[in-house]
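J.: Chains F and L, in that order, are what the protein sequence lines are. The first sequence runs contiguously to residue 421 in the UniProt record's numbering. The second sequence runs contiguously to residue 421 in the UniProt record's numbering. Please read through the structure below; I'll follow up with questions.
2 protein chains.
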Amino acid sequence: MPKRTTLGEHLDGERFWSDLMDQARIGALAGGGLRRLTLGEADNRARLWLMEKGEALDCSAHYDALGNVFLRREGQNPSLPPLLIGSHLDSQPSAGVYDGALGVVAGLAVLRTLSEQQVAHQRPVEVVSWTNEEGARFAPGASGSSWFAGRRDAETILAAQDDDGIAFKEALTECLALLDAHGAHFRSTSVVPHTFLELHIEQGPVLEAQGAPACVVTGIQGVYWYEVEVNGQANHAGTTPEASRHDAFMGAHALIGALKAAVAAHDDQVRFTIGKFALAPNSVNTIAQQARFTIDLRHPDPAVLDALDGAFRQLAKREWSSCTVHLEATSRVAPVAFDEHLIDALDEAVKAYCPQAPKLVSGAFHDAIHLAHLCPTAMLFTACRAGISHHPDEHIERGDADVAVRALAHAAGQLLTTRKD
Amino acid sequence: MPKRTTLGEHLDGERFWSDLMDQARIGALAGGGLRRLTLGEADNRARLWLMEKGEALDCSAHYDALGNVFLRREGQNPSLPPLLIGSHLDSQPSAGVYDGALGVVAGLAVLRTLSEQQVAHQRPVEVVSWTNEEGARFAPGASGSSWFAGRRDAETILAAQDDDGIAFKEALTECLALLDAHGAHFRSTSVVPHTFLELHIEQGPVLEAQGAPACVVTGIQGVYWYEVEVNGQANHAGTTPEASRHDAFMGAHALIGALKAAVAAHDDQVRFTIGKFALAPNSVNTIAQQARFTIDLRHPDPAVLDALDGAFRQLAKREWSSCTVHLEATSRVAPVAFDEHLIDALDEAVKAYCPQAPKLVSGAFHDAIHLAHLCPTAMLFTACRAGISHHPDEHIERGDADVAVRALAHAAGQLLTTRKD
């Protein structure tokens, strides 16, 4: 068995990068980036690609009722809960090649290192690719991981339809048949992993700005989504005096000013975004009848989210520019704090390569947000250029990814040698 | 010849109202209101309807190169410039039955009263229906009146196309052939009227709120239109810290706050409307890359409009929430002040029926805005319910319209007896 510090050092960085570039060809777009909508043809090919890679490492391939794919390297004690490493292979419609795939390929690199170094370990090690993390074809996302962690029921997930009216269930049935035909084993019983580790690109600008290639992630911000309707009265822009107006745009403007003030009363970790906004009838010389907009509100502390939730609801009870307001919470995901021991282990692993690495809270969702409710979970981030993701321009530096994958292997090696329960 | 005060009193209110209801059947919508897009089948039928009405009163029918239709009651001195009365018979796609038609039918009622009372007058009296006031099928509107007044050239007007790719010129050619086939005389020479009078619904709530059936209009507000682009950078709503954001929505919000403050520094006659607003990419969890919105700015005083124009341009030079701004003036129509003597004459005529009538500035465009550059011009408004127009719910009270049409006849009679130049 290697020493605690060596699994990362033994990792074959060339092979890791060539695997990463290899998967990037599956669903590649002509101008760069890729398109691998969940359970589509390219996404299914990516599953088979992963299975092939696992077979070459003498791992068995498994899938479950949601199409999550697992590569299993057996442990000396097969009955122990596995160390689980992974992320997702599906993508947004016009995506970069790293978001999701990096974490799966990194898991593969850990399996390969264990295999090449002939590491004996008590507990099994599994690499997973979760189904439909992105939610781009079937909303909402993280279907596979949320179901696996018992956070959502399969029926609701299977009923979702894509824009062409194809049901999740229909696409999934094809996928499962394909996996079966290629020799993957169906796993009907639930598995509670010992640990879940996920490496992902940051999708934000902080690591790049700090010159850090990678870091441990201590948790995931909570996210509350709202849809707000401001209802006024359409009227002629020229003939309606100020005092007679029920201008839904001006009502929305005033309300948003108050929402911003409520946000400003908290710390600078609040993320407050109005990303969708529409007016009706949307005509240059007609006063708006209705304004509709969304709010995306995030913070790592549930108390702050709940305080703002209360403030928003109070503000929505008032009239703004003689318009009424209807505010509806459309989604509430509580913040998750990752396992403290795992955070320490990953932080130590990263700092073996990058002593100045910070600790970040993730601003984006990841499959780990659900796994954290099932087993000790933590994440690593690697830096990405200008925080760009969900776009073919998404870019990471090879040297940064190298640090991140070695830190992951380092931590995995440490967990396999020190945690034997 | 009747006394100055009697032409309005002699007017046949029953017949006026039945004519108004009669025209409302041309292009009527099943659920109420009408659809008479300019130069379409219903609009052309409305022209023929008007010609028939004129023939029954021994008026000759004329049309010009833009399809404007004139009914002429000859004067004792045919070489004198005519007293011109009218408005338009075309409509918005889903319109009320009064916007435009009221002013044409009112002119017809004046012709009928002159005929029934066998009034002899020196100058001819003409009633006009202008082509394409609404601009709903071919933008911009007021084609017939602006060309007639020498404010726009025919070539540009004729080149406009509707949503089906049909050119104004093509639709107009059919219309002119139809008018010719029905015996209207083509008028190739330009005519400068002695006076233009237009009765129109207010399209605003002021008269109704004041309990006044009608009033004189002293001018038309100037209207400046702008398109504003705020350019930021799309990014992830969860992962992008406040300090790294170039949030185009927040930039627009801050800029609009400053625009509102600039407006508030002027009197309460300013009309400031943001009726169109759009975000790109318009996604709940993506910081907006771009916000685009329109401004509709109106005031009766050109100095105020120009001061605000300067202020808006200054504000657009600054960055707002780390976003740049591009502001473009897309239309500038200067305010028009109507002829003072005509205002007095119409005011006196209205006050014969309604002593408490106010004087209003029109917030909407009308054909009169162009005629005012050609000859002494003024308007009357009649009250409309809740200021609603451009909608089948548009409504006027019969009693209010009766006052307005009698005031128009009163003023016409007075002009015919006192102005003999």
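Note that the Cβ used here is the ideal one computed from N, Cα and C, for glycine as well.
1. Do L:G67 and L:I85 have their CB atoms nearer than 9 Å?
2. Using a Cβ-Cβ distance cut-off of 9 Å, determine whether L:R151 contacts chain F.
3. Would F:F186 be called buried (16 or more neighbouring beta carbons within 10 Å of its own) or exposed?
4. On the CB-based measure, 16 or more other CB atoms within 10 Å of its CB, does L:S18 come out buried or exposed?
5. Determine the closest residue to F:Q289 out of F:A280, F:D296 and F:I295, with distance taken between C-alpha atoms.
6. Does the separation of the CB atoms of F:Y226 and F:L305 fall below 9 Å?
7. What is the C-beta distance between L:G275 and F:V228, in whole angstroms, given that I count them as a contact (C-beta under 8 Å)?
8. Let me check understanding here. Comparing Cα to Cα, which of F:F277, F:H10, F:I287 and F:A303 lies closest to F:D296?
9. Anyone know if the C-beta pair for F:I157 and F:S146 falls short of 9 Å?
10. Which chain F residues are close to L:I298, counting only those with a beta carbon under 7 Å from its beta carbon?
11. Going by other Cβ atoms of all chains shown within 10 Å of its Cβ, with 16 needed for buried, is L:E133 buried or exposed?
12. Jot down the residue ranges of each uninterrupted beta strand (DSSP E) in the region 174–241 of chain L, minimum 3 residues, whole runs only, in chain order.
13. Going by the DSSP bridge assignment, what does L:F70 pair with across the sheet?
14. Report buried or exposed for F:H326, applying the criterion of at least 16 other Cβ atoms within 10 angstroms of its Cβ.
15. Check for me: the alpha helix (DSSP H) holding L:Q23 runs from which residue to which?
16. Do we get a CB-CB distance below 9 Å when we pair L:I369 with the residues of chain F?
17. I need the DSSP call for F:R45, collapsed to helix, strand or coil.
18. So who's on the other strand from F:E328, going by DSSP bridges?
19. Considering Cα atoms alone, identify which of L:Q414, L:L416 and L:H410 is closest to L:D12.
20. Chain L partners of F:S283, CB-CB under 7 Å?
21. Return the Cβ separation of L:A80 and L:R123 in integer angstroms, given the expectation that the two are a contact with Cβ distance under 8 Å.
22. For the alpha helix (DSSP H) holding L:H299, just list the boundary residues, first then last.
23. Going by other Cβ atoms of all chains shown within 10 Å of its Cβ, with 16 needed for buried, is L:L408 buried or exposed?
24. Thinking F:V104 and F:S143 are a contact (beta carbons under 8 Å), I'd like their distance in whole angstroms, please.
25. Using only the alpha-carbon positions, how far apart do L:Q314 and L:N235 sit?
26. Taking only beta-carbon positions, decide if F:P78 is within less than 9 Å of chain L.
27. Report the residue from F:V216, F:R292 and F:A120 whose alpha carbon sits nearest the alpha carbon of F:P355.
28. If you follow the alpha helix (DSSP H) that F:L259 is part of, which residue opens it and which one closes it?
29. Spell out a yes or no on whether the region 194–213 of chain F and the region 392–405 of chain F are touching, meaning 3 or more CB-CB pairs, one atom from each, closer than 8 Å.
30. Can you tell me which of F:I287, F:T294 and F:V230 puts its alpha carbon nearest to the alpha carbon of residue 428 of chain L?
31. Spatial neighbours of F:Q210 within its chain, please: CB distance less than 7 Å, with the 5 preceding and 5 following residues excluded, ordered by chain position.
32. Using a Cβ cut-off of 9 Å (strictly closer), state whether F:K53 contacts chain L.
33. Would you mind giving the Cβ-Cβ distance between L:L197 and L:A378, rounded to the nearest angstrom? I have them listed as a contact below 8 Å.
34. Below 7 Å on C-beta distance, what does F:P358 contact in chain L?
35. Which residues of the region 195–212 of chain F have a Cβ closer than 8 Å to any Cβ of chain L? Give them in chain order.
36. Which whole-angstrom value is the C-beta distance of F:L380 and F:V350, which I expect to be below 8 Å?
T.: Let's see:
1. Your numbering for residue 67 of chain L matches position 67 in the second sequence. Your numbering for residue 85 of chain L matches position 85 in the second sequence. Not in contact: L:G67 and L:I85 (Cβ atoms no closer than 9 Å).
2. By one-based count along the second sequence, residue 151 of chain L stands at place 151. Not an interface residue.
3. On the first sequence, position 186 is the one that residue 186 of chain F refers to. Exposed is the call here.
4. Indexing the second sequence from 1 puts residue 18 of chain L at position 18. By the neighbour-count rule (16 or more Cβ atoms within 10 Å), L:S18 is not buried but exposed.
5. Within the first sequence, the letter at position 289 stands for residue 289 of chain F. Nearest C-alpha to F:Q289: F:A280.
6. Reading the first sequence from its first residue, position 226 is the one you call residue 226 of chain F. Reading the first sequence from its first residue, position 305 is the one you call residue 305 of chain F. Not a contact, by the Cβ cut-off of 9 Å.
7. For the purposes of this step, residue 275 of chain L is taken as the residue at position 275 of the second sequence. For the purposes of this step, residue 228 of chain F is taken as the residue at position 228 of the first sequence. Incorrect: roughly 19 Å between the Cβ atoms, too far for contact.
8. Counting from one through the first sequence, the residue named residue 296 of chain F turns up at place 296. Proximity to F:D296 across F:F277, F:H10, F:I287 and F:A303 peaks at F:F277, based on C-alpha coordinates.
9. Position 157 of the first sequence holds residue 157 of chain F. Position 146 of the first sequence holds residue 146 of chain F. Yes, the Cβ-Cβ distance between F:I157 and F:S146 is below 9 Å.
10. As a position in the second sequence, residue 298 of chain L is number 298, starting the count at 1. Checking the sequence shown, residue 298 of chain L turns out to be Arg, not Ile. Near L:R298 (Cβ distances below 7 Å), the residues of chain F are G238.
11. Here the question's residue 133 of chain L lines up with position 133 in the second sequence. With 16 or more other Cβ atoms within 10 Å, it is buried.
12. 195–201, 214–220 and 222–231
13. For the purposes of this step, residue 70 of chain L is taken as residue 70 along the second sequence, with counting starting at 1. Per DSSP, L:H62 and L:V128.
14. For the purposes of this step, residue 326 of chain F is taken as residue 326 along the first sequence, with counting starting at 1. Exposed is the call here.
15. The count along the second sequence starts at 1 and reaches residue 23 of chain L at position 23. Run containing L:Q23: G13 to Q23, per the alpha helix (DSSP H) assignment.
16. Along the second sequence, read from residue 1 onward, the residue named residue 369 of chain L stands at position 369. No, no contact with chain F.
17. By one-based count along the first sequence, residue 45 of chain F stands at place 45. The answer is helix: DSSP assigns F:R45 an H, G or I state.
18. The count along the first sequence starts at 1 and reaches residue 328 of chain F at position 328. Beta-bridge pairing links F:E328 to F:E227.
19. Counting from 1 along the second sequence, the entry for residue 12 of chain L is found at position 12. Of L:Q414, L:L416 and L:H410, the residue nearest in Cα terms is L:H410.
20. Within the first sequence, residue 283 of chain F is the residue found at index 283, counting from 1. Chain L residues near F:S283: G275 and K276.
21. By 1-based counting over the second sequence, the position of residue 80 of chain L is 80. By 1-based counting over the second sequence, the position of residue 123 of chain L is 123. Sequence inspection shows Leu at residue 80 of chain L; the Ala mentioned does not correspond to that position. Contact between L:L80 and L:R123 holds, since their C-beta atoms are separated by about 4 Å, short of 8 Å.
22. As a position in the second sequence, residue 299 of chain L is number 299, starting the count at 1. Going by DSSP, L:H299 is part of no alpha helix (DSSP H) but of the beta strand (DSSP E) stretching over Q290 to H299.
23. As a working note, residue 408 of chain L is residue 408 in the second sequence. So L:L408 counts as buried.
24. In the first sequence, residue 104 of chain F corresponds to position 104, counting from 1. In the first sequence, residue 143 of chain F corresponds to position 143, counting from 1. That belief does not hold up - the Cβ atoms of F:V104 and F:S143 are roughly 16 Å apart, past 8 Å.
25. In the second sequence, the residue the question calls residue 314 of chain L occupies position 314. In the second sequence, the residue the question calls residue 235 of chain L occupies position 235. Approximately 28 Å between the Cα atoms of the pair.
26. In the first sequence, residue 78 of chain F corresponds to position 78, counting from 1. No, no contact with chain L.
27. Position 355 of the first sequence holds residue 355 of chain F. Cα-wise, what sits closest to F:P355 is F:V216.
28. Your numbering for residue 259 of chain F matches position 259 in the first sequence. Per DSSP, F:L259 belongs to the alpha helix (DSSP H) from A248 to A264.
29. yes
30. In the structure as shown, chain L starts at 1 and stops at 421, and residue 428 of chain L therefore has no counterpart that could be examined.
31. Taking the first sequence and counting its residues from 1, one reaches residue 210 of chain F at position 210. Counting only Cβ-Cβ distances below 7 Å, and skipping sequence neighbours, we find P358.
32. In the first sequence, residue 53 of chain F corresponds to position 53, counting from 1. It does not; no Cβ of chain L falls within 9 Å.
33. Here the question's residue 197 of chain L lines up with position 197 in the second sequence. Here the question's residue 378 of chain L lines up with position 378 in the second sequence. 6 Å between Cβ atoms; contact.
34. Within the first sequence, the letter at position 358 stands for residue 358 of chain F. Going along chain L, no residue has its Cβ under 7 Å from F:P358, so there is no contact; the nearest lies around 12 Å.
35. E202, Q203, G204, P205, V206 and A209
36. On the first sequence, position 380 is the one that residue 380 of chain F refers to. On the first sequence, position 350 is the one that residue 350 of chain F refers to. Confirmed, Cβ separation roughly 7 Å.
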